[in-house]
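Going left to right, the sequence shown walks through residues 64 to 208 as this note's numbering numbers them. Notes to accompany the following structure.
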Amino acid sequence: MTTSIVVGLDGDGSGMRALDFAKKLAKSMGTCELILVYVIEWSPYSFQTAEENAVRHKRREEEIEAALERVVTPSVAALKKDGFSARGIVRHGDVADLLNKVAEDEGADQIVVARSSEGGFVKRVFGTATANLVMHATVPVTVVG
């Protein structure tokens, strides 16, 4: 039976610390898949015209491509090169909700995240997201400092 760990990436060193911890954990488990998840904060509670929604959709697609290209795909490739089973997911929405949803949907055994991101406003948002995830997750959460 394969164990799986969802790892929250943020594009900063804090996300890489979470990934480094998850790699150590995966090595100790034997057969383990690492599912790297990058969540782009996005509120669905915005009232816009049809034209604004079209622009917003295009911007979302561009953000997904950028996150895949800059963060997720290189991380997955490095893991595979090191012999790990890994894949990546990029989503828009609430960080805590989506990390937990991916863990549930994928049947993950655990979520590994950083305590907070390393920069300004994002640090406050992701710090809050981490706290919300710990309080509401349906699987164990490991928070890396």
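Every residue, glycine too, gets a C-beta built ideally from N, C-alpha and C.
If you ignore the 5 residues before and after Asp168, its C-beta comes within less than 7 Å of no other C-beta in its own chain. Ala200 sits away from Phe147, with the two beta carbons spaced by 8 Å or more.
Taken atom to atom, the span from the alpha-carbon of Leu161 to that of Arg154 is near 8 Å.
For Asn163, the number of other beta carbons within 10 angstroms of its own is at least 16, and it is reported as buried.
According to the DSSP secondary-structure assignment, Val204 is paired through a beta bridge with Ile174. Assigned with DSSP and collapsed to three states, Gly93 falls in coil, not helix or strand. Across the structure, Val118 and Trp105 are spaced so that their CA atoms are roughly 14 Å apart.
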